[in-house]
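Asker: In order, the protein sequences belong to chains A, B and C. For the first sequence, my numbering assigns the number 353 to the last residue and increments by one with no breaks. For the second sequence, my numbering assigns the number 353 to the last residue and increments by one with no breaks. For the third sequence, my numbering assigns the number 353 to the last residue and increments by one with no breaks. Got a structure for you, questions after.
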Amino acid sequence: MSDSKIKTTTEIAELIGGTVRGDAEALVSGVQSLKDAKKEDVSFLGNKKYTEQVPDTAAAAVIVGPDYDVNNSGGATLIVCETPNIAFAKVIEFFAPPPPEYPPMIHPSAVVADSARVGNGVHVGPCAVIEANAEIGDGSKICAGSYIGEYTTVGRGTLIYPNVSIRERCVVGDGVIIHSGTVIGSDGFGFEAGPSGIVKIPQMGIVQLDDGVEIGANCTIDRARFGRTWMKAGVKLDNQVHVAHNVVVGECSMLIGQCGIAGSAEIGRGVIVAAKAGINGHITLGDGARIAGTSGVVKDVPPGGTVVGTPAEPKRDFMARIILPKTVAKLKEQVKLMLERIEELERNSKD
Amino acid sequence: MSDSKIKTTTEIAELIGGTVRGDAEALVSGVQSLKDAKKEDVSFLGNKKYTEQVPDTAAAAVIVGPDYDVNNSGGATLIVCETPNIAFAKVIEFFAPPPPEYPPMIHPSAVVADSARVGNGVHVGPCAVIEANAEIGDGSKICAGSYIGEYTTVGRGTLIYPNVSIRERCVVGDGVIIHSGTVIGSDGFGFEAGPSGIVKIPQMGIVQLDDGVEIGANCTIDRARFGRTWMKAGVKLDNQVHVAHNVVVGECSMLIGQCGIAGSAEIGRGVIVAAKAGINGHITLGDGARIAGTSGVVKDVPPGGTVVGTPAEPKRDFMARIILPKTVAKLKEQVKLMLERIEELERNSKD
Amino acid sequence: MSDSKIKTTTEIAELIGGTVRGDAEALVSGVQSLKDAKKEDVSFLGNKKYTEQVPDTAAAAVIVGPDYDVNNSGGATLIVCETPNIAFAKVIEFFAPPPPEYPPMIHPSAVVADSARVGNGVHVGPCAVIEANAEIGDGSKICAGSYIGEYTTVGRGTLIYPNVSIRERCVVGDGVIIHSGTVIGSDGFGFEAGPSGIVKIPQMGIVQLDDGVEIGANCTIDRARFGRTWMKAGVKLDNQVHVAHNVVVGECSMLIGQCGIAGSAEIGRGVIVAAKAGINGHITLGDGARIAGTSGVVKDVPPGGTVVGTPAEPKRDFMARIILPKTVAKLKEQVKLMLERIEELERNSKD
Numbered sequence: 003m004s005d006s007k008i009k010t011t012t013e014i015a016e017l018i019g020g021t022v023r024g025d026a027e028a029l030v031s032g033v034q035s036l037k038d039a040k041k042e043d044v045s046f047l048g049n050k051k052y053t054e055q056v057p058d059t060a061a062a063a064v065i066v067g068p069d070y071d072v073n074n075s076g077g078a079t080l081i082v083c084e085t086p087n088i089a090f091a092k093v094i095e096f097f098a099p100p101p102p103e104y105p106p107m108i109h110p111s112a113v114v115a116d117s118a119r120v121g122n123g124v125h126v127g128p129c130a131v132i133e134a135n136a137e138i139g140d141g142s143k144i145c146a147g148s149y150i151g152e153y154t155t156v157g158r159g160t161l162i163y164p165n166v167s168i169r170e171r172c173v174v175g176d177g178v179i180i181h182s183g184t185v186i187g188s189d190g191f192g193f194e195a196g197p198s199g200i201v202k203i204p205q206m207g208i209v210q211l212d213d214g215v216e217i218g219a220n221c222t223i224d225r226a227r228f229g230r231t232w233m234k235a236g237v238k239l240d241n242q243v244h245v246a247h248n249v250v251v252g253e254c255s256m257l258i259g260q261c262g263i264a265g266s267a268e269i270g271r272g273v274i275v276a277a278k279a280g281i282n283g284h285i286t287l288g289d290g291a292r293i294a295g296t297s298g299v300v301k302d303v304p305p306g307g308t309v310v311g312t313p314a315e316p317k318r319d320f321m322a323r324i325i326l327p328k329t330v331a332k333l334k335e336q337v338k339l340m341l342e343r344i345e346e347l348e349r350n351s352k353d
Numbered sequence: 003m004s005d006s007k008i009k010t011t012t013e014i015a016e017l018i019g020g021t022v023r024g025d026a027e028a029l030v031s032g033v034q035s036l037k038d039a040k041k042e043d044v045s046f047l048g049n050k051k052y053t054e055q056v057p058d059t060a061a062a063a064v065i066v067g068p069d070y071d072v073n074n075s076g077g078a079t080l081i082v083c084e085t086p087n088i089a090f091a092k093v094i095e096f097f098a099p100p101p102p103e104y105p106p107m108i109h110p111s112a113v114v115a116d117s118a119r120v121g122n123g124v125h126v127g128p129c130a131v132i133e134a135n136a137e138i139g140d141g142s143k144i145c146a147g148s149y150i151g152e153y154t155t156v157g158r159g160t161l162i163y164p165n166v167s168i169r170e171r172c173v174v175g176d177g178v179i180i181h182s183g184t185v186i187g188s189d190g191f192g193f194e195a196g197p198s199g200i201v202k203i204p205q206m207g208i209v210q211l212d213d214g215v216e217i218g219a220n221c222t223i224d225r226a227r228f229g230r231t232w233m234k235a236g237v238k239l240d241n242q243v244h245v246a247h248n249v250v251v252g253e254c255s256m257l258i259g260q261c262g263i264a265g266s267a268e269i270g271r272g273v274i275v276a277a278k279a280g281i282n283g284h285i286t287l288g289d290g291a292r293i294a295g296t297s298g299v300v301k302d303v304p305p306g307g308t309v310v311g312t313p314a315e316p317k318r319d320f321m322a323r324i325i326l327p328k329t330v331a332k333l334k335e336q337v338k339l340m341l342e343r344i345e346e347l348e349r350n351s352k353d
Numbered sequence: 003m004s005d006s007k008i009k010t011t012t013e014i015a016e017l018i019g020g021t022v023r024g025d026a027e028a029l030v031s032g033v034q035s036l037k038d039a040k041k042e043d044v045s046f047l048g049n050k051k052y053t054e055q056v057p058d059t060a061a062a063a064v065i066v067g068p069d070y071d072v073n074n075s076g077g078a079t080l081i082v083c084e085t086p087n088i089a090f091a092k093v094i095e096f097f098a099p100p101p102p103e104y105p106p107m108i109h110p111s112a113v114v115a116d117s118a119r120v121g122n123g124v125h126v127g128p129c130a131v132i133e134a135n136a137e138i139g140d141g142s143k144i145c146a147g148s149y150i151g152e153y154t155t156v157g158r159g160t161l162i163y164p165n166v167s168i169r170e171r172c173v174v175g176d177g178v179i180i181h182s183g184t185v186i187g188s189d190g191f192g193f194e195a196g197p198s199g200i201v202k203i204p205q206m207g208i209v210q211l212d213d214g215v216e217i218g219a220n221c222t223i224d225r226a227r228f229g230r231t232w233m234k235a236g237v238k239l240d241n242q243v244h245v246a247h248n249v250v251v252g253e254c255s256m257l258i259g260q261c262g263i264a265g266s267a268e269i270g271r272g273v274i275v276a277a278k279a280g281i282n283g284h285i286t287l288g289d290g291a292r293i294a295g296t297s298g299v300v301k302d303v304p305p306g307g308t309v310v311g312t313p314a315e316p317k318r319d320f321m322a323r324i325i326l327p328k329t330v331a332k333l334k335e336q337v338k339l340m341l342e343r344i345e346e347l348e349r350n351s352k353d
C-alpha cells in the first residue's frame, strides 16, 4: 500500500548513528519484534528481559546497546548504538507507512454553521459538525463524525480523530491530538441535596487544552462548574482516562490508562499517574510526583513524592504492609517458643 | 458571546438572601474560584480548606458562611449567608452564558425513518439517526450523530447530547439527560461454555431509564438478558460508569465516575457508589448504603451500611486493617521486652 | 412489535428435552425472572440463591434442575431438565423478538470511498464512512455513524454496531461483533523523554481481530507500535476494556468489564481476567489462568494459576492477608496473658 523501502544494514546504522557488527550489506525492508521478525526485518533489544531472544530471532539485523555480547548474535547482523529504544523509534518512523492524509477540504456531508470560522488548509471530514461561532485554526483536521460545539475554538495543526465530541465554548490549542470516542466539555458531576430532592448545579465553565496536549481514545474531560478544567501544555492522556470538573494538570504530566482524577484536584508539572489510579478531589500532587498503578490517593503528595496502594502511602510503608503476613507468622512462632519457656519456668517454680 | 451582566454586591446579596459586609455598591460581572478570581468577580468560601485564600483573593466580593471572621476579608466585600455552596450555585446560574439552544427542527442531514413518531418541538441534530418505529416525545433534543434504535421510546423534554448510541426497544423517560459517547442497550456479556466452544446467550431484554435520570459521558448500560436493566427515577451516573445486564438501581442513587456494577446486582434508593468501586453480580445494596471509592463489594450491604476496601468491609474493620503495621510493630516490641524478662527469669532460676 | 408466540408447557419441555411436572397444557408467551414474572411467563431457577422465589413466583411454569423438590412448586408447573441455565437460553431465544435487520444496502447518507471494496449483501448504515482502499466482506453490517479507516479489512458476516471507530490498516475477521462506541486502532501510548521534551513514538502497527471475536461497548484497543495488537479467535471483551499496544490475547480468553491490559502483555488461551483487574505490561498470563476482579497483576502467572489482590498473589496467600487482623488480635491476647504469667513468675522469684 506504500512504496516499500529497502535499506542495507550500513544505511540503517548511518540513520541511527550506530556501528555494524556482521554483514554490512544485509538488506532489510521492515521492522518487527525479535519474536515475530522474518528474514527481511530489522529488530531491536530494548528490554533485557528479551536478551535470550536475540540468538533465536529470524531478523536480518538487531539493534543492541553497547554492553551487548556481540558474539551472541545467532547469525543476525548486530547494529550497536547507545540507546536502542530511541534508535529503533527512528527506524520505525523510516519504515512506517504514511499516515492517512485527511486532505484540506470540507466534505459535502459535513455540517458547518455559517457563523463558524474555518482557517486555511482545514480538513472537515464526512458527517462532522461544526456549530455556530466555532473557530478552527489553519491546518487542523476534524475527522468524520466529530462534533465541535458553538463558540469552541480549535487552534492550528490540531488533529481530532473520528467520532470525538467537544461541547460548547471549550478552548483547544495548537498541535493537539484527540483520539476517537473522547468527550470534552460534558457537564461536571455536580448535584446538591435540596429540600425537594436532588438539584443539578449548572456547570458554566469550560475545558481548556493547551498546545501539544494529546488525549487518548474514549477519555472524558468534564467542563468546570465555573472557570476551567485545564490541561496545560504537553499533557498526555492515555485511553479511558476520566478528568472531573475544575481539575488542573500541569505541563507535560501523564495520566495513564483508566486512571481518574476527581473534581478540583491540582496536579503539578511532570507528574505521572499510572494506570487505574484514582485521585481524590480537592487534593494536590506536587511537581514530579509518581502515583503507582491502581493506587487510591486520598491526600496531598509532595513534589517528587512516590506513593502506592489504597489509601496511597510511601513505598516503604506499602512494602511493610506487603510483608506483614510473614512478619506476623514469625512473631507467632516466637510467641509459641516463649510460651514453652514460660511453662518450663512455671514448672520449675513449683518444684 | 452573551450580553454581559453587571450587578452590585447588594443585588447579589438580595439574590441569595445574604448580608453585605463591606462595599455595598461594588460591581461584579462574573464568578470565579478564590484563587483565579479577578477584580470583577464574585467568589465563595465553600470548603474550609480554602479559608486562607479569602484575604488573598482579588475578587471584588466573597460569599461566606455565618461563622466566618468578617475582619479577615483582606479588602474584599463579604456577603454572609447560611449556605455559601447553595447560594453560589444561584449566582453561577445567574451569570451563566445561556446553554446551546438546539432549536426545534429535524436537520436535513438527519435520517428519520418514516415509521418513527417524532413529537412537537423536537430537535433532531445533524447526522442523527432515528430508526423505524422509534418514538421521540415533545420537546426532546436528539443531538448530532446520536442513534436511536428501532422501537426505542424517548419521553418528553429529554436531552441526548451528540454521539450517543441507544439500541433497539429501550425506554427512556421524561427529563432525562444523556451525555456524549454513552451507549445504552448494548448486549449484556453473556456466554456459556458449550460442548463445541463458547456460546453467546441472546440478550433479549431492554434498558429502562425512568424520569429525571442523568447519565454521564462514555457510560455503558447493557440490555438485560431478559426483562430490563433499570435505572429508576432520579438516578445519576457520572462518567465512564459501566452497568451490566439486569441491574436495578433505586430512586436517586448516584454512581460516581468509573464505578462498575456487575450483572443482576440490586441497588436500593439513595445509595452512593463512589468512584472506581466495583459491585459484584447478584448482590444487594440496601437503601442509603455508602460504598467508598475503589472498593470491591462482594456481598450484600445492609440498608444504611458503609463499606470500604476490597473485599469491602465496615469502616471500623477497614481502619483496623490500615493501622495493622503499627499494631504489629508495637506487638513486636512487646515480645522483645518479654523475651528479655523471660531470659532474666531463666538466669535467676538457674542460680 | 413481533408476532407473539404462545406455547404449552409440553411444547416448552420438548424444546429443551425436559419433563413436565404439573399442568401439561398451561400456556406461556414470554420469559421472565422468578421475581418479575407474570402469569403468562415461563421462568427458571438457575442459581440456588433464588430457590425460595420458586413457590412465590407468578410464572405459569418454572424450569428447574433434577434435584429440585417438585412438591415445592407453589402452583407453577415445573419443567425438569438437566441444565436449567442452558435450557432457559433456548427458551429465551425462542421468544426473543427478532433483532434489527440492518438490510443489505448502502444508505444514501453513507460515505463510501470509490476505492473501497464492498462485498455482497453488505449493510452500510446512515452516515457511516468507509475510507479509501478499505474492504468489507460479504454479509457484514457497518451500522450508522461507524468509521472504517483506509486499508482496513473487515471479514464476512461481521456486525459493527453504530458509532464504532476503526482506524487505518486494521484487520477484522469473520463473524466478529463490535459494540457501539468502541475504538479500534487508536495510537498506542508511546512517548520517550527526549532532550527537548516529550517525543511521540510513531505507532505504525495495527490491530488484528480474528474470527468470532466479540468486543463490548466503549472499549479501546490500541494499534501496535509495530507489528500487531492481536485478539485471537473467539476472544470476548466486555464493556470499557482497555487493551494497550502490542498485547496478544489467546483463543477464547475473556476480558471482563473495565479491566485493562498494559502494553506487550501476553495472555494465553482460555484465560479469564475478571472485572476491573489490571495487567502490567510485558508479563505473561499462562493458558487457563484466572485473575480475580480488581486485582493488579505485576508478574507472570503460570498456566492454570489463580491470583487475586494487588499486587496479585495466589488465593491462599491472599486469604492469609485477609484474616490477618484476626490473627493479630489473637496474638495480642496471647501476649497479654503471657505477660501476666511472666509478672506472676517475677513476683514469685522475688519471694
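Every residue gets a Cβ at the ideal spot worked out from N, C-alpha and C, and that includes glycine.
List, in order along the chain, the chain C residues whose C-beta lies closer than 9 Å to that of B/ASN220?
Answerer: Think of a sphere of 9 Å around the beta carbon of B/ASN220: the chain C residues whose beta carbon falls inside it are GLY183, ASN220, GLN242, in chain order.
Asker: If you pair each beta-carbon of the region 295-304 of chain B with each one of the region 299-306 of chain C, do three or more pairs fall below 8 Å?
Answerer: no
Asker: Under 8 Å Cβ to Cβ from C/SER4, same chain only, skipping five residues before and after it: list those, please.
Answerer: In this predicted model, C/SER4 has a pLDDT of only 41, less than 50, meaning its place in the structure is not dependable; the value taken from the coordinates is given anyway. Once the five neighbours on either side are set aside, the close Cβ partners of C/SER4 are PRO99, PRO100.
Asker: Measure the C-alpha to C-alpha separation of A/THR85 and B/ALA235 and round it to an integer number of angstroms.
Answerer: Between A/THR85 and B/ALA235, the alpha-carbon positions lie close to 59 Å from each other.
Asker: Just the C-alpha distance for A/VAL113 and A/ALA130, rounded to the nearest angstrom, thanks.
Answerer: 6 Å
Asker: Could you name the residues of chain A that B/CYS254 contacts, counting a contact when the two beta carbons are closer than 8 Å?
Answerer: GLY199, ILE200
Asker: Please classify A/GLY306: is it buried, with 16 or more other beta-carbons within 10 angstroms of its beta-carbon, or exposed?
Answerer: exposed
Asker: Can you find the residues in the same chain that come closer than 8 Å, C-beta to C-beta, to A/PRO68, ignoring five residues on each side of it along the sequence?
Answerer: VAL82, CYS83, GLU84
Asker: Give the range of the beta strand (DSSP E) segment to which A/GLU194 is assigned.
Answerer: 193-196
Asker: Which of helix, strand or coil does DSSP assign to B/ARG230?
Answerer: strand
Asker: So, does the CB of A/LYS238 fall closer than 8 Å to a CB anywhere in chain C?
Answerer: yes
Asker: With a threshold of 8 Å between beta carbons, is B/CYS129 in contact with chain C?
Answerer: yes
Asker: Please report the straight-line C-alpha distance between B/LYS334 and A/LEU333, rounded to a whole angstrom.
Answerer: Distance between the alpha carbons of B/LYS334 and A/LEU333: 7 Å.
Asker: The alpha helix (DSSP H) with A/ASP140 in it runs from where to where?
Answerer: Looking at the DSSP string, A/ASP140 is not in any alpha helix (DSSP H), and its letter there is neither H nor E.
Asker: Please confirm if A/LEU161 has its CB atom under 8 Å from at least one CB of chain D.
Answerer: Checking the listed chains, one finds no chain D in this structure; the protein chains it contains are A, B and C.
Asker: Since C/SER351 meets chain B, which of its residues come closer than 8 Å, beta carbon to beta carbon?
Answerer: LEU347, ASN350, SER351
Asker: Please report the straight-line C-alpha distance between A/CYS254 and A/VAL178, rounded to a whole angstrom.
Answerer: 13 Å
Asker: Would you verify that the beta carbon of A/ASP302 is, or is not, closer than 8 Å to some beta carbon of chain B?
Answerer: no
Asker: With a 10 Å radius around its C-beta and 16 neighbouring C-beta atoms as the bar for buried, classify A/ARG230 as buried or exposed.
Answerer: buried
Asker: Is the beta carbon of B/THR286 sitting closer than 8 Å to the one on C/THR296?
Answerer: no
Asker: Determine, for A/VAL82, whether the minimum Cβ-Cβ distance to residues of chain C falls below 8 Å.
Answerer: no
Asker: Go ahead and pull the three-state DSSP assignment for C/SER351.
Answerer: Note: C/SER351 maps to helix in three-state DSSP.
Asker: Taking the C-alpha atoms as reference points, what is the distance between C/PHE320 and A/PRO106?
Answerer: Those two C-alpha atoms are separated by around 58 Å.
Asker: Check the Cβ of C/LEU326 against every Cβ in chain A and list those closer than 8 Å, keeping chain order.
Answerer: For C/LEU326, the neighbours in chain A by C-beta distance under 8 Å run, in chain order, LEU326, PRO327, VAL330.
Asker: Can you grab the Cα-Cα spacing for the pair A/GLY183 / B/GLN34, in whole Å?
Answerer: 30 Å
Asker: Going by CA-CA distance only, name the one from C/ILE217, C/MET206, C/SER198 that's closest to C/VAL174.
Answerer: C/ILE217
Asker: Taking Cβ-Cβ distances shorter than 9 Å, what residues in chain C pair up with B/SER111?
Answerer: SER111, CYS129
Asker: I want to see whether chain B comes within less than 8 Å of A/MET340, judged by CB atoms only; does it?
Answerer: yes
Asker: Which stretch, first to last residue, makes up the alpha helix (DSSP H) that contains B/VAL93?
Answerer: For B/VAL93, the enclosing alpha helix (DSSP H) starts and ends at 86-97.
Asker: Buried or exposed: which applies to B/GLY127, given that a residue is buried once 16 or more other Cβ atoms fall within 10 Å of its Cβ?
Answerer: buried
Asker: Got a sec, what are the start and stop residues for the beta strand (DSSP E) A/PRO308 sits in?
Answerer: Note that residue 308 of chain A is Thr in the sequence shown, not Pro. Looking at the DSSP string, the run of the beta strand (DSSP E) that includes A/THR308 is 308-310.
Asker: Quick one: is A/GLU346 buried, meaning 16 or more other Cβ sit within 10 Å of its Cβ, or exposed?
Answerer: exposed
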